[in-house]
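A.B. asks: So that we are looking at the same thing, I have put the structure below in structure tokens.
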Amino acid sequence: AILGATGSGKTSLVNLIPRFYDTTAGRVTIDGIDVRDVTIQSLRENIAVALQEPVLFSGTIRENILYGKPDALSEDVNLVAEASQTREFVDSLSKGYESDVGHRGAGLSGGQKQRVAIARALLVKPKILILDDSTSSVDVQTEAKIQESLEKLTGTLTVFIIAQRISTVLKADKIIVLEKGKIAAIGSHAQLMGESPIYREIYDSQLGGGVRA
Numbered sequence: 001a002i003l004g005a006t007g008s009g010k011t012s013l014v015n016l017i018p019r020f021y022d023t024t025a026g027r028v029t030i031d032g033i034d035v036r037d038v039t040i041q042s043l044r045e046n047i048a049v050a051l052q053e054p055v056l057f058s059g060t061i062r063e064n065i066l067y068g069k070p071d072a073l074s075e076d077v078n079l080v081a082e083a084s085q086t087r088e089f090v091d092s093l094s095k096g097y098e099s100d101v102g103h104r105g106a107g108l109s110g111g112q113k114q115r116v117a118i119a120r121a122l123l124v125k126p127k128i129l130i131l132d133d134s135t136s137s138v139d140v141q142t143e144a145k146i147q148e149s150l151e152k153l154t155g156t157l158t159v160f161i162i163a164q165r166i167s168t169v170l171k172a173d174k175i176i177v178l179e180k181g182k183i184a185a186i187g188s189h190a191q192l193m194g195e196s197p198i199y200r201e202i203y204d205s206q207l208g209g210g211v212r213a
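Okay, here's the thing in structure tokens:
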């Protein structure tokens, strides 16, 4: 996970993975292979991204989820909808998955759009999933359920979580704290609570110095 304030360089760092731009120094490797040594098409076929402001198009919820894999089975749509907590609100709609999202998703709330975007990303079964502040409009309880679902997929999936909200990254295997474009600290939540004043300051300011699990 990558944690930092707005403008700290979180998105810029992660955008190097799918080669939205290349490094001017150093290398980005996946399984030891430099990303510049493979074609952009083959690289991006293994990566899915869900953004803070997802792009939805006019059509149904089902059509938006199927965007990256139009031939997916209904069973697979249900699975990713459950994992992303999209199913939670879809079941309350009279037309379910066939409900129209409106122009650019105007018929859905910000959190609902984010959940549809995560479902769409999961459906293509990527090897790398990038969640760029993609649960910022989702309540904490729903976010926790999404994270629980993602934890079950970690055997086959590498997840990069970009966040400003520290509750989003607490369970990550490794947390990178960025400050002004530089790495300020790296470690698990427990390690950073013991070793990083910057991380502790963020934790206390956001969670009020509660129980330090």
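Residue numbers (our numbering): 1 to 213.
The beta-carbon is built from N, C-alpha and C at its ideal position, and this holds for glycine as well.
Would you check if the distance between the CB atom of Ala50 and the CB atom of Ala163 is smaller than 8 Å?
C.D. replies: no
A.B. asks: Ile175: which of Leu157, Ser196, Gly155 sits nearest, CA to CA?
C.D. replies: Ser196
A.B. asks: I'd like to check one pair, Ile146 with Ser273: are the Cβ atoms closer than 8 Å?
C.D. replies: It is not possible to answer for residue 273, since the shown part of the chain is limited to 1 through 213.
A.B. asks: When you compare the CB positions of Ile166 and Ile202, do they come within less than 8 Å of one another, or not?
C.D. replies: yes
A.B. asks: Given that a residue counts as buried once 16 or more other Cβ atoms are within 10 Å of its Cβ, and exposed if not, what is Ser205?
C.D. replies: exposed
A.B. asks: In the DSSP assignment, find the alpha helix (DSSP H) that holds Ala204 and state where it starts and stops.
C.D. replies: Residue identity check: residue 204 is Asp in the sequence provided, not Ala. Its alpha helix (DSSP H) spans residues 197-207.
A.B. asks: Does the region 59-74 come within contact of the region 21-31, defined as at least 3 CB pairs closer than 8 Å?
C.D. replies: no
A.B. asks: Can you give the Cα-Cα distance for Glu45 and Ser136, rounded to whole angstroms?
C.D. replies: 26 Å
A.B. asks: Would you list the residues sitting across from Gly187 in a DSSP beta bridge?
C.D. replies: Ile175
A.B. asks: With Ile61 as the anchor, note down where its alpha helix (DSSP H) starts and where it stops.
C.D. replies: That run of the alpha helix (DSSP H) goes 61-65.
A.B. asks: Let me confirm a value: Glu148 is counted as buried when at least 16 other C-beta atoms fall within 10 Å, else exposed. Which label applies?
C.D. replies: exposed
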